[in-house]
Amino acid sequence: MYLVAEQLDGQRDLEQLAAALTVEFGRAITAEQVSFLVENKLRPAGIAAVAGVVPGGAGSAVAAPRRPDALLALRYRLPVVPARVSWVIAAVFRPFYWPPVLVLALTAFVGLDVAVVVRGGVAQILPSAQALVAQPALTLLVFGLVLASGMFHECGHVTACRYGGARPGVMGLGIYLVWPAMYSTVTDAYRLSRGGRLRTDLGGIYFNVVSIAGMSLAYLCTGAPWLLVAIVVLHVETAWQFLPSIRLDGYYILADVIGVPDLFSYLRPVLRSLVPGRAAHPRVAELKPWTRRVISLWVAGVIPVLLFFLVNFLILAPRILPVVAHSLLALLDAIAAAVATGQPARAALGMVQVVLLLLPWAGIAMVAVGWSRTFGRLALARRRKARTAGGAEAPAEHRASS
């Protein structure tokens, strides 16, 4: 199936694809076998679409893979670590996935977490956080440790990808929705078994567990309050990753558990199928019953969550913007004062706070521009379609784009 998906280009018919696959696979492949895989495996999964008969061809032409719905995708990203370096990183951390090491790491995580709680760690969380207010250098250290844990998280994904037999791609930075994010390219994991894909999905969370275990051991040995704050932050970040409503690790875990590559592409079909008196959308009807129920439950949960965030943003943004502007001016004054009085740690912390304050709003601006362009293209396409349907003469290239 991977080789079939790789060969789809929208130009060759089934006979030509079968000939190419015979060479690649090393065994005789017929046009009927290619058709079966496309119709019964790749097309229901949304990976391929079938076009009409090729004029003069021996069979149906198979279209190039359909581009998944980009709703809530990571649009703005900057590659930092090349694929060849990711491959080396995955080799370095590969032993973490040896079964004895994995069991030991998970056991250590649970044991050390319990030890932190038994030693009164819960009661010390608030005092430890308050202590950082007067110690900007330690606050920077917490930021740095959380940032390093985020990088280690992505190493977990690429290592799991290579461990399963796939090839990881680049790693980098980006803005997801409105906040900064790191990413790793593990698209090649889609040719692995379901277990291999789930290992790749859970790889980042597993490496978070390793990070927390290491921090917990250091905290138990030193009692440093800033380490406790970092441990709590990383616990919250790890729990956040399980959220399936947006494209975090939990989203991909759910998608691979039920065997549907792109859940967001089913939002519109499921909503249309819920309209009383309307038959189930073909994409929904072709799913297995249990898969259909899971996706319907997911849609029922994700729609309120997205609407909640959208409504809150529309209501609160006009009130928050003046506060953000005032906070930005206050931070700039504080940075200038710290530089003048020779406090480099406080000045550096102020600059980090300025970046964190501005990044979400920069993300909001980019998302707004992207949505405006999308809605503009849709409106223009609809206008051209209406003009063509009304009998108006449109340029040839306009008819083609419609």
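To get the working numbering, take the position in the sequence shown, counting from 1, and add 316. Positions of the beta carbon are idealized from the N, C-alpha and C atoms, including for glycine.
(message) Among 495, 496, 503, whose alpha-carbon lies nearest the alpha-carbon of residue 486?
(response) The option with the nearest alpha carbon to residue 486 is 503.
(message) Tell me the rounded alpha-carbon separation between residue 454 and residue 489.
(response) Going from the Cα of residue 454 to the Cα of residue 489 covers about 25 Å.
(request) State yes or no: is the C-beta of residue 525 within less than 8 Å of the C-beta of residue 412? (result) Inclusion of residue 525 and residue 412 in the CB contact set at 8 Å is not warranted, their separation being larger than that value.
(request) Can you say whether residue 615 is buried or exposed, counting buried as having 16 or more other CB atoms within 10 angstroms of its CB? (result) Classification for residue 615: buried.
(message) For the stretch 566-586 against the stretch 607-623, do three or more pairs of beta-carbon atoms, one drawn from each stretch, fall closer than 8 Å, so that the two count as touching?
(response) Between the stretch 566-586 and the stretch 607-623, the count of C-beta pairs closer than 8 Å reaches three or more; the two stretches touch.
(message) Taking the straight line between their C-alpha atoms, what separation do you get for residue 654 and residue 456?
(response) Take the alpha-carbon of residue 654 and the one of residue 456: they are about 15 Å apart.
(message) Looking at the secondary structure, which residues open and close the alpha helix (DSSP H) in which residue 574 lies?
(response) Per DSSP, residue 574 belongs to the alpha helix (DSSP H) from 565-574.
(request) Would you mind reading off the limits of the beta strand (DSSP E) that contains residue 441? (result) No beta strand (DSSP E) contains residue 441, which is instead part of the alpha helix (DSSP H) from 441-449.
(message) For residue 445 and residue 541, what's the separation of their Cα atoms in angstroms?
(response) Rounded to whole angstroms, residue 445 to residue 541 spans 8 Å at the Cα level.
(request) Identify the continuous alpha helix (DSSP H) that holds residue 522 and give its terminal residues. (result) Segment 510-538, the alpha helix (DSSP H) holding residue 522.
(message) If you reduce the DSSP assignment to three classes, tell me which class residue 493 lands in.
(response) In this structure, residue 493 counts as coil in the three-state DSSP scheme.
(request) Can you grab the Cα-Cα spacing for the pair residue 581 / residue 429, in whole Å? (result) Answer to the nearest angstrom: the Cα atoms are 39 Å apart.
(message) Just to confirm my understanding: we take residue 549, look at its own chain, exclude 5 residues before and 5 after, and list those with CB closer than 6 Å. What are they?
(response) Around residue 549: 462.
(request) Would you mind stating whether residue 440 and residue 544 have Cβ atoms separated by less than 8 Å? (result) The answer is yes: Cβ separation under 8 Å.
(message) With H, G and I counted as helix, E and B as strand and the rest as coil, what does DSSP make of residue 329?
(response) In the structure shown, residue 329 adopts extended strand secondary structure according to DSSP, grouped into three states.
(request) Determine the closest residue to residue 561 out of 326, 619, 553, with distance taken between C-alpha atoms. (result) Nearest of 326, 619, 553 to residue 561, Cα basis: 619.
(message) Taking only three categories from DSSP, how would you classify residue 561?
(response) Shown here, residue 561 sits in coil according to DSSP, grouped into three states, outside any helix or strand.
(message) Can you give me the C-alpha to C-alpha distance between residue 698 and residue 685, rounded to a whole angstrom?
(response) The alpha-carbon atoms of residue 698 and residue 685 are separated by roughly 20 Å.
(request) On a CA-only basis, which of 521, 660, 464, 551 is nearest residue 438? Give me that one, please. (result) Nearest option by C-alpha distance: 551.
(message) Using only the alpha-carbon positions, how far apart do residue 347 and residue 364 sit?
(response) Taking the straight line joining both Cα atoms gives about 16 Å.
(message) Given this structure, state the Cα-to-Cα distance separating residue 535 from residue 434, to the nearest angstrom.
(response) Straight across, the Cα-Cα distance linking residue 535 with residue 434 is about 13 Å.
(request) Starting from the C-beta of residue 458, find all residues in its chain whose C-beta is less than 6 Å away, skip the five residues before and the five after it, and write them out in chain order. (result) Only 542, 545, 546 meet the Cβ criterion.
(request) Could you give the DSSP three-state label for residue 396: helix, strand or coil? (result) Here residue 396 sits in strand by DSSP.
(request) Could you check which residue in 649, 563, 592 has the C-alpha nearest to that of residue 578? (result) Ranked by how close their Cα comes to the Cα of residue 578, the residues 649, 563, 592 have 563 in first place.
(request) Could you check the C-alpha separation between residue 378 and residue 465 for me, to the nearest Å? (result) Below a pLDDT of 50, predicted positions are generally treated as unreliable, and residue 378, at 46, falls in that range; the measurement from the model is reported next regardless. Taking the straight line joining both Cα atoms gives about 44 Å.
(message) Just verifying my parser: in three-state terms, what is the DSSP assignment at residue 274?
(response) A question about residue 274 goes unanswered here, because the residues of the chain that appear run from 317 up to 718.
(request) Tell whether a beta-carbon distance below 8 Å holds between residue 496 and residue 675. (result) Cβ atoms of residue 496 and residue 675: closer than 8 Å.
(request) Please list, in chain order, all residues of the same chain as residue 480 whose beta carbon is under 7 Å from its beta carbon, the five residues on each side excluded. (result) Take residue 480, set aside five residues on each side of it, and the residues of its chain with a beta-carbon closer than 7 Å to its own are 505, 508, 512, 515, 516, in chain order.
(request) Kindly identify the DSSP beta-bridge partner or partners of residue 499. (result) Partner residues in the beta bridge of residue 499, as assigned by DSSP, are 488.
(message) In whole angstroms, give me the CA-to-CA distance for residue 681 and residue 416.
(response) Cα-Cα distance, rounded: 48 Å.
(request) Please classify residue 327: is it buried, with 16 or more other beta-carbons within 10 angstroms of its beta-carbon, or exposed? (result) With fewer than 16 other Cβ atoms inside 10 Å of its own Cβ, residue 327 counts as exposed.
(message) If the criterion is Cβ atoms closer than 8 Å, does the pair residue 468 and residue 523 meet it?
(response) Result yes, Cβ atoms of residue 468 and residue 523 sit closer than 8 Å.
(request) Classify residue 429 as helix, strand or coil using the three-state DSSP reduction. (result) Residue 429 falls in the helix class under three-state DSSP.
(request) Give the DSSP-derived three-state secondary structure of residue 438 in the structure shown. (result) In the structure shown, residue 438 sits in coil (DSSP, three-state: anything other than H, G, I, E or B).
(request) Work out the CA separation of residue 568 and residue 532 for me, nearest whole Å. (result) Cα to Cα, residue 532 sits roughly 28 Å from residue 568.
(message) For residue 627 and residue 700, what's the separation of their Cα atoms in angstroms?
(response) For residue 627 and residue 700, the distance between alpha carbons rounds to 32 Å.
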